[in-house]
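A.B. asks:
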Amino acid sequence: MLVQLQKNFSADAREPRAAEEAGLLSLVGILAILRRRALLIACSIVAMLFVGVFYLATTKPMFGSTALVYLDIQNAQVIEGNGSASGMKAGLDDVDVNSQLQIIRSEKIATSVIEKLGIQDAEEFRRPQNLIVNHAKNGARILKSLLSFGGGEPAIAETGVPRGVIDQFAKRLYVERVDETFVIAIGYVSEDAQRAADVANAVAEAYLEEKLDARFESVRRASLWLQGRLAELSQKAVASDQLVQDYKREHGIIDTNSGNGQLLSDAQLSDLSARLVEARKDSAQKSARYEQIARMIATGNPDASVVDSLASPVISDLRRQYSRLSQQEADVARRYGAEHEAAAKARRQMADINGLILGELGRIEQVYKSDMEVARSQEQELARTLEGYSSRSEEVAQAGVRLRELERDAQANQNLYESFLDRYKSALQQQSFPITDARVLTAASPARGKSSPKTTITLILSGIAGVALGLLLALGRELSDNTFRSPNQVERVLGVTCLGILPKLARGQVRRPVRQPAQRADGQAGPRMLSRDLGVFQHVVKAPLSRYAETLRAVKLAADFAAEDGGVRTLGVVSSMPGEGKSTTAMNIAELMASNGSSVLVIDADLRSPTLTREIAPQATAGLYEFLVSQVPVDELIYSDASKRLKFLPAAAKGGAGQKADLIGSARMAQLLQAARQTYDYVIIDLPPLAPVIDAKAVAGSIDGFVFVVEWGKTAIATVTDALHNAPLVNQKILGCVLNKTDEHGLRLYTSTIGSSEYYSSEKFGAYVSQG
Numbered sequence: 003m004l005v006q007l008q009k010n011f012s013a014d015a016r017e018p019r020a021a022e023e024a025g026l027l028s029l030v031g032i033l034a035i036l037r038r039r040a041l042l043i044a045c046s047i048v049a050m051l052f053v054g055v056f057y058l059a060t061t062k063p064m065f066g067s068t069a070l071v072y073l074d075i076q077n078a079q080v081i082e083g084n085g086s087a088s089g090m091k092a093g094l095d096d097v098d099v100n101s102q103l104q105i106i107r108s109e110k111i112a113t114s115v116i117e118k119l120g121i122q123d124a125e126e127f128r129r130p131q132n133l134i135v136n137h138a139k140n141g142a143r144i145l146k147s148l149l150s151f152g153g154g155e156p157a158i159a160e161t162g163v164p165r166g167v168i169d170q171f172a173k174r175l176y177v178e179r180v181d182e183t184f185v186i187a188i189g190y191v192s193e194d195a196q197r198a199a200d201v202a203n204a205v206a207e208a209y210l211e212e213k214l215d216a217r218f219e220s221v222r223r224a225s226l227w228l229q230g231r232l233a234e235l236s237q238k239a240v241a242s243d244q245l246v247q248d249y250k251r252e253h254g255i256i257d258t259n260s261g262n263g264q265l266l267s268d269a270q271l272s273d274l275s276a277r278l279v280e281a282r283k284d285s286a287q288k289s290a291r292y293e294q295i296a297r298m299i300a301t302g303n304p305d306a307s308v309v310d311s312l313a314s315p316v317i318s319d320l321r322r323q324y325s326r327l328s329q330q331e332a333d334v335a336r337r338y339g340a341e342h343e344a345a346a347k348a349r350r351q352m353a354d355i356n357g358l359i360l361g362e363l364g365r366i367e368q369v370y371k372s373d374m375e376v377a378r379s380q381e382q383e384l385a386r387t388l389e390g391y392s393s394r395s396e397e398v399a400q401a402g403v404r405l406r407e408l409e410r411d412a413q414a415n416q417n418l419y420e421s422f423l424d425r426y427k428s429a430l431q432q433q434s435f436p437i438t439d440a441r442v443l444t445a446a447s448p449a450r451g452k453s454s455p456k457t458t459i460t461l462i463l464s465g466i467a468g469v470a471l472g473l474l475l476a477l478g479r480e481l482s483d484n485t486f487r488s489p490n491q492v493e494r495v496l497g498v499t500c501l502g503i504l505p506k507l508a509r510g511q512v513r514r515p516v517r518q519p520a521q522r523a524d525g526q527a528g529p530r531m532l533s534r535d536l537g538v539f540q541h542v543v544k545a546p547l548s549r550y551a552e553t554l555r556a557v558k559l560a561a562d563f564a565a566e567d568g569g570v571r572t573l574g575v576v577s578s579m580p581g582e583g584k585s586t587t588a589m590n591i592a593e594l595m596a597s598n599g600s601s602v603l604v605i606d607a608d609l610r611s612p613t614l615t616r617e618i619a620p621q622a623t624a625g626l627y628e629f630l631v632s633q634v635p636v637d638e639l640i641y642s643d644a645s646k647r648l649k650f651l652p653a654a655a656k657g658g659a660g661q662k663a664d665l666i667g668s669a670r671m672a673q674l675l676q677a678a679r680q681t682y683d684y685v686i687i688d689l690p691p692l693a694p695v696i697d698a699k700a701v702a703g704s705i706d707g708f709v710f711v712v713e714w715g716k717t718a719i720a721t722v723t724d725a726l727h728n729a730p731l732v733n734q735k736i737l738g739c740v741l742n743k744t745d746e747h748g749l750r751l752y753t754s755t756i757g758s759s760e761y762y763s764s765e766k767f768g769a770y771v772s773q774g
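For the sequence shown, my numbering gives the first residue as 3, with consecutive numbering after it.
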């Protein structure tokens, strides 16, 4: 029951710890990885810095100079008056600017600059900038010539500037646009600062000369073509104009002096038509005015709005009197009634005034009627006149159709001739202006310092590359490290309590047992007595205040707690693979228990590789194997130390190994363990490893509990988990696990909990326990 409670408590305790580790992984866990891989990262940084320094030492310094060229379209337009022949549009866009960049990078400009400066034989064009690369290329060239045995193709002789020189020149030349402006930066890098400035300025000048030559050539070709075209167009324009004049003379057509090419008959007809339209409009207006006033007089009720529009002072005065009387009549009728004498009198006066208004309207009607008749007469007269002119102009109109066709043809020829003449004059003017639409804004000057390689930038980049390389290597090491590194990891992965760590012993502490049997109380050496000095197998007794001893006390405490529940009297010590130190651990557990006054029996049950038997009882000729296969009494096989509290049953000293697993799991083995429970306080069994053989699984049913030994930083996690998975009974009875051969300094680098590294320090532990 106590064992189960202990396991449940450990499992409950691991859950918050795992959650804590998951929370710390983002910061503390990463810092822990960096801390334990700090040396690897530092070595990577130093290595890359060394590479950077080596690069700086073997690379020739380069100097860069830059000239600025401005695409000045407006300047060319001001002088020329337009941009038609300048080779560029009136407005520049990104495509135009990029096209100029390609012109500057062209092979034509590169060749002209190289020939102008005479630098085709410069040494920097024939070797790499880095000396190591230069030597490597020379070596490769020599090796290639040796391997070809003279059978290679002969080199083709190059005329002019060699292709390799042009390529190297292009690599050193850089041309780019300055931000979003129309300024182009032309730069060049060279081993000579003065040469870099000369080349940059020469490229800028070559670009301007190239644009000027291209402009002159295009204008020259355009002028020659325009000159021939103008002669042809001039003859055609004169001939078409002569046809127009002859046609007018033949048909008696006379132009007006308006300047718009209109014939005289057409002008008269147009004028009569306009006058007729105005006359009809005037006649319609006067007829409508007359009909309106006539309808009003006929009804006897003058419309106030119409009357007001007549603008007659007489009618206006009468309307005012009528309005005043109407107000008086309405006021009297409201006060005294509509039948009152004053109201009747006002109505009579209003009727008289209305009659006077109608009389005045009759007079105006006669005036409007007269105006209407005059307008209609004028309209009829203009219509008759227009009809006469129309019949007379039909013949002229027929001739005008052909005339206008001839005039359009003559005008088109004249416009085309004038257009070509203007373009020809412009081309002649442009030949006299040696200007381009670009100019040098800033000339290049020799650089004061090298442009490459930049020492600071190179070292910074080398350091960054070193950090990146170190982080990658550290990550690779972390991902490839599939071993157990901390107690927390053991508990998290295996799900068992880690009872502690067993530090890796120093070289002076790892001693083999002295080959001298112990003496009995009478001073004589016994035939089955263990040596007084068992070396590393008694380390817990010789260093009782060490971390090693404290971990084994935790093992004993776990066994004692389980023993209170009637469980562990037989304790098996097992590991997943050979060489993890289970035999040494088992013997030291027994020594610790014996030193506390308990009687302990140690059984070397590893019949395949009996390490304990070879080390502490090499003289044994019989042991567990003989007990299991024959009827030899166990008391005749057991070895004892001087105190008589520690007994040791060696493994088989002779016999075959074919049936050893069956022997370990036999009924006789179970009887042995049952009898040992009755005789000894503790029975410690050194069992074979779980992964390679099944011996431990065969005897697991007869053992009360197990201590699982895992070697720090060596045993693969998958190996341990697979071994425990394949031995479920062993896994169920495990009291705890110990990390053996632990590197305490390395362990501190794998602890993710702040302050826990101090806990695993043997120095701190020794200083603490020594205070008691």
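Idealized CB from N, CA, C, for every residue including glycine.
Drop a sphere of 10 angstroms on the beta-carbon of Arg-386, count the other beta-carbons inside from all chains shown, and report buried for 16 or more, exposed for fewer.
C.D. replies: Taking the first residue of the sequence shown as 1, we reach residue 386 at position 384. Result: exposed.
A.B. asks: How about Asp-333: is its Cβ closer than 7 Å to a heavy atom in the ligand FAD?
C.D. replies: The ligand FAD is not among the ligands present in this structure, which contains no ligands whatsoever.
A.B. asks: Around the Cβ of Gly-364, are there at least 16 other Cβ atoms within 10 angstroms (buried) or fewer (exposed)?
C.D. replies: Position 362 of the sequence shown holds residue 364. Exposed, by the Cβ-count rule.
A.B. asks: By the three-class DSSP mapping on this structure, what secondary structure does Met-352 have?
C.D. replies: Here residue 352 corresponds to residue number 350 of the sequence shown, with the count starting at 1. In this structure, Met-352 counts as helix in the three-state DSSP scheme.
A.B. asks: Once DSSP output is grouped into helix, strand and coil, what is the label at Ser-548?
C.D. replies: For the purposes of this step, residue 548 is identified with residue 546 of the sequence shown, where counting begins at 1. Of the three classes helix, strand and coil, the one that applies to Ser-548 here is coil, per DSSP.
A.B. asks: Per DSSP, which residues does Gly-742 bridge with? Please list them.
C.D. replies: Along the sequence shown, one-based indexing puts residue 742 at 740. Position check: residue 742 holds Asn in this sequence, whereas Gly was assumed. In DSSP, Asn-742 forms a bridge with Leu-504, Glu-713.
A.B. asks: Take Arg-349 and list the residues in its own chain whose beta-carbon comes closer than 7 Å to its own, dropping the five residues that flank it on each side.
C.D. replies: Position 347 of the sequence shown, counting from 1, holds the residue named residue 349. Excluding residues within five positions, the ones whose Cβ falls inside 7 Å are Glu-331.
A.B. asks: Looking at C-alpha atoms only, which residue of Gly-748, Asn-417, Ile-105 is the closest neighbour of Asp-243?
C.D. replies: As a working note, residue 243 is residue 241 in the sequence shown. Ranking the options by Cα distance to Asp-243, first place goes to Asn-417.
A.B. asks: Can you list, in chain order, the residues of its chain whose CB lies under 8 Å from that of Ser-447, leaving out five sequence neighbours each side?
C.D. replies: On the sequence shown, position 445 is the one that residue 447 refers to. Cβ within range, chain order: Ser-67, Ala-199.
A.B. asks: Output the boundary residues of the beta strand (DSSP E) element that contains Phe-486.
C.D. replies: As a position in the sequence shown, residue 486 is number 484, starting the count at 1. Careful: Phe-486 lies outside any beta strand (DSSP E) and carries neither H nor E.
A.B. asks: Distance check for Arg-291 and Arg-282, CA to CA, integer angstroms please.
C.D. replies: Taking the first residue of the sequence shown as position 1, residue 282 is located at position 280. Taking the first residue of the sequence shown as position 1, residue 291 is located at position 289. Rounded to whole angstroms, Arg-282 to Arg-291 spans 14 Å at the Cα level.
A.B. asks: Do Glu-582 and Val-740 have their CB atoms nearer than 8 Å?
C.D. replies: By one-based count along the sequence shown, residue 582 stands at place 580. By one-based count along the sequence shown, residue 740 stands at place 738. No, the Cβ-Cβ distance between Glu-582 and Val-740 is not below 8 Å.
A.B. asks: State the Cα-Cα distance for the pair Ser-272 and Ser-372, rounded to the nearest angstrom.
C.D. replies: Here residue 272 refers to the residue found at position 270 of the sequence shown. Here residue 372 refers to the residue found at position 370 of the sequence shown. About 29 Å.
A.B. asks: Any contact of the segment 419-426 with the segment 217-235, i.e. 3+ C-beta pairs under 8 Å?
C.D. replies: A contact exists between the segment 419-426 and the segment 217-235.
A.B. asks: Mark Gln-673 as exposed unless 16 or more other C-beta atoms lie within 10 angstroms of its C-beta, in which case mark it buried.
C.D. replies: Here the question's residue 673 lines up with position 671 in the sequence shown. It counts as exposed.
A.B. asks: Can you list, in chain order, the residues of its chain whose CB lies under 7 Å from that of Pro-546, leaving out five sequence neighbours each side?
C.D. replies: By 1-based counting over the sequence shown, the position of residue 546 is 544. Result list for Pro-546: empty, nothing under 7 Å.
A.B. asks: Rounded to the nearest angstrom, what separates Gly-263 and Lys-238 at their Cα positions?
C.D. replies: Stepping through the sequence shown from its first residue, residue 263 is reached at position 261. Stepping through the sequence shown from its first residue, residue 238 is reached at position 236. The predicted model places Gly-263 with a pLDDT of 49, which falls under 50 and marks its position as unreliable; any figure quoted below should be read in that light. For Gly-263 and Lys-238, the distance between alpha carbons rounds to 21 Å.
A.B. asks: Give the straight-line distance between the Cα atoms of Ile-32 and Arg-441, rounded to the nearest whole angstrom.
C.D. replies: Residue 32 sits at position 30 when you count from the first residue of the sequence shown. Residue 441 sits at position 439 when you count from the first residue of the sequence shown. Cα to Cα, Ile-32 sits roughly 59 Å from Arg-441.
A.B. asks: Report back the beta-carbon spacing between Gln-122 and Val-191 to the nearest angstrom; my notes put them in contact at under 8 Å.
C.D. replies: By one-based count along the sequence shown, residue 122 stands at place 120. By one-based count along the sequence shown, residue 191 stands at place 189. That pair is no contact at about 18 Å.
A.B. asks: Pull up the DSSP beta-bridge partners for Glu-178, would you.
C.D. replies: If you number the sequence shown from 1, residue 178 lands on position 176. For Glu-178, which the question treats as bridged, DSSP gives the partners Ala-187.
A.B. asks: So if DSSP puts Tyr-338 in a beta bridge, which residue, or which two residues, is it bridged to?
C.D. replies: Within the sequence shown, residue 338 is the residue found at index 336, counting from 1. DSSP lists no partner for Tyr-338.
A.B. asks: Along the alpha helix (DSSP H) that carries Asp-194, what are the first and last residues, could you check?
C.D. replies: If you number the sequence shown from 1, residue 194 lands on position 192. Where Asp-194 is concerned, there is no enclosing alpha helix (DSSP H), given that its DSSP letter is neither H nor E.
A.B. asks: Mind reading off the beta-carbon distance from Thr-460 to Leu-58? Whole number of angstroms is fine, and I expect it under 8 Å.
C.D. replies: Residue 460 sits at position 458 when you count from the first residue of the sequence shown. Residue 58 sits at position 56 when you count from the first residue of the sequence shown. Going by Cβ atoms, the distance from Thr-460 to Leu-58 rounds to 6 Å, so yes, they are a contact pair.
A.B. asks: Which residues share a DSSP beta bridge with Tyr-72?
C.D. replies: The residue given as residue 72 occupies position 70 in the sequence shown. Paired residue(s): Val-185, Arg-441.
A.B. asks: Note down, in chain order, each residue of its chain lying with its Cβ closer than 6 Å to the Cβ of Leu-384, except the 5 sequence neighbours on either side.
C.D. replies: Against the sequence shown, residue 384 aligns to sequence position 382. So the list reads Arg-277, Leu-278, Ala-281, once near-sequence residues are dropped.
A.B. asks: So what's Tyr-752 in DSSP terms, helix, strand or just coil?
C.D. replies: Numbered from 1 along the sequence shown, position 750 holds the residue referred to as residue 752. In this structure, Tyr-752 counts as coil in the three-state DSSP scheme.
A.B. asks: Tell me which residue opens and which closes the alpha helix (DSSP H) that Ser-114 is part of.
C.D. replies: Taking the sequence shown and counting its residues from 1, one reaches residue 114 at position 112. Run containing Ser-114: 109-119, per the alpha helix (DSSP H) assignment.
A.B. asks: So what does DSSP say about Tyr-682, is it helix, strand or coil?
C.D. replies: Here residue 682 corresponds to residue number 680 of the sequence shown, with the count starting at 1. Reduced to three states, the DSSP call for Tyr-682 is coil.
A.B. asks: Given a threshold of 16 other Cβ atoms within 10 Å of its Cβ, counted over all protein chains shown, does Pro-612 qualify as buried or as exposed?
C.D. replies: On the sequence shown, residue 612 is found 610 positions in, with the first residue counted as 1. Classification for Pro-612: buried.
A.B. asks: Please say whether Ile-640 and Arg-530 have beta carbons closer to each other than 8 Å?
C.D. replies: The sequence position of residue 530 within the sequence shown is 528, counting from 1. The sequence position of residue 640 within the sequence shown is 638, counting from 1. Contact flag set, yes.
A.B. asks: Alpha carbon to alpha carbon, how far is Arg-610 from Ile-462?
C.D. replies: Along the sequence shown, read from residue 1 onward, the residue named residue 610 stands at position 608. Along the sequence shown, read from residue 1 onward, the residue named residue 462 stands at position 460. So the alpha carbons of these two residues sit roughly 60 Å apart.
A.B. asks: Whole-angstrom Cβ separation of Leu-603 and Ser-585, contact assumed at under 8 Å?
C.D. replies: By 1-based counting over the sequence shown, the position of residue 603 is 601. By 1-based counting over the sequence shown, the position of residue 585 is 583. 15 Å between Cβ atoms; not a contact.
A.B. asks: Buried or exposed for Glu-389, please, with buried defined as at least 16 other CB atoms from any protein chain shown within 10 angstroms of its CB.
C.D. replies: Locating residue 389 in the sequence shown gives position 387, where the first residue counts as 1. Looking at its Cβ environment, which holds fewer than 16 other Cβ atoms inside 10 Å, Glu-389 is exposed.
A.B. asks: Here's the rule: buried if 16 or more other CB atoms are within 10 angstroms of the residue's CB, otherwise exposed. What is Ala-87?
C.D. replies: To locate residue 87, count along the sequence shown from 1; it is residue 85. The predicted position of Ala-87 is uncertain, since its pLDDT is 42 and thus under 50; a value taken from the coordinates is nonetheless stated next. Burial call: buried.
A.B. asks: Check whether the segment 170-177 and the segment 95-114 touch, using three or more Cβ-Cβ pairs below 8 Å as the test.
C.D. replies: Contact between the segment 170-177 and the segment 95-114 is present, because at least three Cβ pairs lie under 8 Å.
A.B. asks: Classify Gly-537 as helix, strand or coil using the three-state DSSP reduction.
C.D. replies: Position 535 of the sequence shown, counting from 1, holds the residue named residue 537. Correct three-state label for Gly-537: helix.
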